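Visitor: Position in the sequence shown (first residue = 1) + 924 = my numbering.
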Amino acid sequence: MKDLSLLKSDFAKFQSQILNDIAPYLITNQSFLRAENWFYQSADIFMYNQKEKLFISSESENKNYISYLEKNNSFSYLPTHDLKTLPNEEFEIQIKGEIFGKAHINLMVIEYSGSKKINVHAVSLNKVTRIKMNQKTQNLRLALRISNKGIATIEDIYIQRIKQEIPNTYVPNPKKISKNNPSTISDIKMACILDEFSMTCFGKEVNLLTFTTENWKEILIENTPDLLFVESAWRGNFGAWEYKIAKYNNQDKTPLFDLLRWCKENNIPTVFWNKEDPIHFEKFIDTAKLFDCIFTTDADMIPNYQKESGHERVFALPFSAEPQLHNPIKIREKREEKICFAGSYYDNRHEERKQDMDNVLDIAAEFGLDIFDRNYEKNKNGRTHFSFPERFDQNIKGSLKYDEINTAYKGYKVMLNVNSVKYSPTMFSRRVFEGLACGTPIISSYSEGVKRMFKDIVLISENKQELKESIEKLMDDEEYYNEKSLVGIREVYLNHTYKHRIHYMLEQLGITVKKDIKNVSVLSVAKSKVEFFNILDSFKRQSWKGKELIVLLENFDGYIDVLNEYNQENIKTYVLSYMNHYNRINEIISNPYISYFNPDSFYGENYLLDLMIATEYSNAEIIGKNTFYQYDFQNKEVTKYNQDKEYQYVDSLQFESSIVDKSIFHGENIIEAVTKMRSNSSMALYFMRGFRLLSIDNYNFIRAGVGVSEDIINKIQK
């Protein structure tokens, strides 16, 4: 009997597919928009056609009904005009139009069996709605319901049958599409249509499923995605979806429609991200409206999308930086003592941007300027509308390929940014995020978004003299330059990476994944109460939240009191001599990273913060400070050691100024490991074993610096 039921189901699908092939749409647009095809009795209603649109005027606060094709408004009567449907058939419906005044309008879809009305659906204006028929439904009737005073215009409608697939062969137990719930962001499977750069960046964080217009179904059935993510792509998926996403004349979007329909049928949420807003809003709005959720680089465009799509699932999603690509690790020994601009010049459009660019470039040229022209190949054979002014010819160094962009981001002391969009709260060039992530200070023309998001981290001024003074200070004041570099890295890595953007997007979709919070255990040894409280103060000073303190106590006077008082959730104490009861360090430390604090050294509030941020952009097992400050008590001053060893891989670091992945102690006895840390042994041995050592900035640590003056702390603590 079960097999017979399946055969009946397949036969119903066969009927549905034949009907879909013969008449994929229930009604034609022309018939629906013809005023003479509508019946109404109220004197407060008037319908007419103008410019191929249907206008409905209402002069009443009450609800009024207008019937399509039928000559009555008694919906208990069976329809006399055939709008045939099949039991359990599905339709996708959208009615497009506008409202003027306070009028409210719905399309009413009424289902009838062979003998009576059995169901009613209300479809909102400008909202894609899917309706499944009752198993007894044989016929439909359509009507409009309008209330309140105003005018409604209808310009388009489609009521499309949802095509049901027929299996090639009869299968008693068909395989159902199933999804596993992802636990972390790296488990996410994201079907996508992206341009090359976005694909590279998103692909570092989630599992991307890419496909063409021909093979998408095969790939997605085999690898069920958690979501479909489509951006405002010009040549999506390496050209496979070119002319299918943006608006073009005489284009065929059928593959996209089919893809979205399949996603809806399989409960896969769909997301569209317009990274070209506000300039290319019109180019992509028709596509954006088809998706469950819309994201835009320009928060000011949200009301426009909500109006056009008929829903409020629209959110801002600015650009960001990808740690594996955009980070401060050096690509050369020293940066060019110059300013760099990588981008385009437009002589015939964006007049305000052109003026801003001329002003910024003129000032930058006084300090040494190199330009990488995105349109260099177009311009090298003669002047075009994309040519920089002739006075900058000597500054142009060619162009940069996609994989050479770090030459601009990391090879120069300062970067320039010029904005085409000045007054958006969230939209500005991705080079701002990427440059700051690389530790490069940025001079920018005015942008409301840059100012809001980065405050004084990015130097902005519309005053030429102020801009010139800002550049002078960056070029000449090393401490000022290093501080700008450091706070830029922090701001991007704490708030503006691709991981942050993906988490935000998933939250809006209701997809819950764990946030990857990296925890570090601060380990130390105290041989007196004074040392213990030095360690405790240093620990409490740290701004990094994911931390715990473990202090091993020698048998000093009062150590029992410390043991009794300091054994809390994130502060634990042990007797040092008791460590011989353990074999490995992971028996007392569960966190993946360890940082040894020397009781005699000073650790600034962002010491752990900067080291833990570095774990986002480097896979080095040991991260520390090869360039560091040491306090000289006799002369009451600090000296910097190992100059210019920041943001590079090195062959040695010290335990007291580093964090280590605890896996480096694999096979080592816990006493041996603690002894190495306490004696501040060089970690060159671990380099010899094949572990990677990364040296970052020189701030927030002073060797032998406990008790230094506030003046010195203010100089080193950033």
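Here a beta-carbon is modelled for each residue, glycine too, at the ideal position from N, C-alpha and C. Bear in mind the structure is a predicted one, so any value in this text is a computation, not a measurement.
Note down the Cα distance separating F1316 from N1419, rounded to an integer number of angstroms.
Guide: 36 Å
Visitor: So is N1174 buried or exposed if we call it buried at 16+ other beta carbons inside 10 Å?
Guide: exposed
Visitor: CB D1150 to CB K1188, shorter than 8 Å?
Guide: Taking 8 Å as the Cβ cut-off, D1150 and K1188 do not qualify as a contacting pair.
Visitor: Can you name the start and end residues of the beta strand (DSSP E) that C1116 belongs to?
Guide: K1113 to I1117
Visitor: Counting pairs of Cβ atoms below 8 Å between the region 1297-1315 and the region 1329-1345, do you hit three or more?
Guide: The region 1297-1315 vs the region 1329-1345: no contact.
Visitor: For H1216 versus A1157, is the C-beta distance shorter than 8 Å?
Guide: Per the sequence shown, the amino acid found at residue 1216 is Asp instead of His. No, the pair does not count as a contact, with Cβ atoms beyond the cut-off.
Visitor: Residue ranges of each alpha helix (DSSP H) run of no fewer than 4 residues wholly in the region 1509-1576, ordered along the chain?
Guide: 1531-1541
Visitor: Does the beta-carbon distance from G1025 to K1073 come in below 8 Å?
Guide: Taking 8 Å as the cut-off, the Cβ atoms of G1025 and K1073 count as close.
Visitor: Based on Cα-Cα distance, which residue from G1412, Y1490 and K1392 lies nearest to D1380?
Guide: G1412
Visitor: Leaving out five residues on either side along the sequence, give the residues of the same chain with a beta carbon under 8 Å from the beta carbon of L1665.
Guide: A query on residue 1665 cannot be resolved here, the shown segment of the chain reaching from 925 to 1642 and no further.
Visitor: For D1222, is the classification buried or exposed, using 16 other Cβ atoms within 10 angstroms of its Cβ as the cut-off for buried?
Guide: buried
Visitor: Should the region 1042-1050 be regarded as contacting the region 988-995, the criterion being three or more beta carbon pairs within less than 8 Å?
Guide: no
Visitor: With a threshold of 8 Å on Cβ separation, who are the neighbours of E1396 within its own chain once the five nearest residues in sequence on each side are excluded?
Guide: F1291
Visitor: Can you check which of these residues, I1055, F1015, N1063 and S1107, is closest to I1435 by C-alpha distance?
Guide: Taking only the C-alpha atoms, the option nearest I1435 is S1107.
Visitor: Can you have a look at A1608 and say buried or exposed, based on whether 16 or more other CB atoms are within 10 angstroms of its CB?
Guide: exposed
Visitor: Locate the alpha helix (DSSP H) running through H1028, then write down its first and last residues.
Guide: Premise fails: H1028 lies in the beta strand (DSSP E), H1028 to Y1036, not in any alpha helix (DSSP H).
Visitor: Would you report the Cα separation of K1569 and K1325, rounded to the nearest angstrom?
Guide: 29 Å
Visitor: In whole angstroms, what separates the C-alpha of E1314 from that of E1276?
Guide: Each residue's alpha carbon lies about 19 Å from the other.
Visitor: Can you give the Cα-Cα distance for F1615 and S1452, rounded to whole angstroms?
Guide: Rounded to the nearest angstrom, the two C-alpha atoms are 34 Å apart.
Visitor: Specify the secondary structure class of Y1269 as computed by DSSP and reduced to three states.
Guide: Three-state DSSP puts Y1269 in coil, outside helix and strand.
Visitor: Would you tell me roughly how many angstroms separate the C-alpha atoms of Y1517 and L1487, rounded to the nearest one?
Guide: About 24 Å.
Visitor: Are there 16 or more other CB atoms within 10 angstroms of the CB of N1624, so buried, or fewer, so exposed?
Guide: buried
Visitor: Can you confirm whether the region 1629-1636 touches the region 1580-1597 when touching is taken to mean that 3 or more C-beta pairs between the two stretches lie within less than 8 Å?
Guide: no
Visitor: Identify whether C1217 lies in helix, strand or coil by the three-state DSSP scheme.
Guide: The answer is strand: DSSP assigns C1217 an E or B state.
Visitor: If you count every other CB in all the chains shown that lies within 10 Å of the CB of S982, and 16 or more means buried, which is it?
Guide: buried
Visitor: On the CB-based measure, 16 or more other CB atoms within 10 Å of its CB, does F1526 come out buried or exposed?
Guide: buried
Visitor: Counting pairs of Cβ atoms below 8 Å between the region 1073-1084 and the region 1009-1023, do you hit three or more?
Guide: yes
Visitor: Are the region 1458-1469 and the region 1547-1564 touching, with three or more C-beta to C-beta distances below 8 Å?
Guide: no
Visitor: Sorted by chain position, which residues of the same chain lie with C-beta nearer than 7 Å to P1003's C-beta, five sequence neighbours on each side aside?
Guide: E994, Y1036, N1063 and R1065
Visitor: Measure how close the beta-carbons of L1249 and C1125 come, nearest whole angstrom, since I'm counting them as under 8 Å.
Guide: 7 Å
Visitor: Hey, out of W962, A1076, A1266 and Y972, whose CA is closest to E1358's CA?
Guide: A1266
Visitor: Taking the C-alpha atoms as reference points, what is the distance between D1534 and I1626?
Guide: Across the structure, D1534 and I1626 are spaced so that their CA atoms are roughly 15 Å apart.
Visitor: From N1494 to L1447, what does the alpha carbon distance come to, in whole angstroms?
Guide: 12 Å
Visitor: From T952 to D1182, what distance separates their C-alpha atoms?
Guide: Straight-line measurement puts the Cα of D1182 at about 20 Å from the Cα of T952.
Visitor: Taking all protein chains shown into account, decide if Q974 is buried (16 or more other Cβ within 10 angstroms of its Cβ) or exposed.
Guide: Exposed is the call here.
Visitor: List the residues that DSSP assigns as beta-bridge partners of W1468.
Guide: DSSP output for W1468 lists no bridge partner at all.
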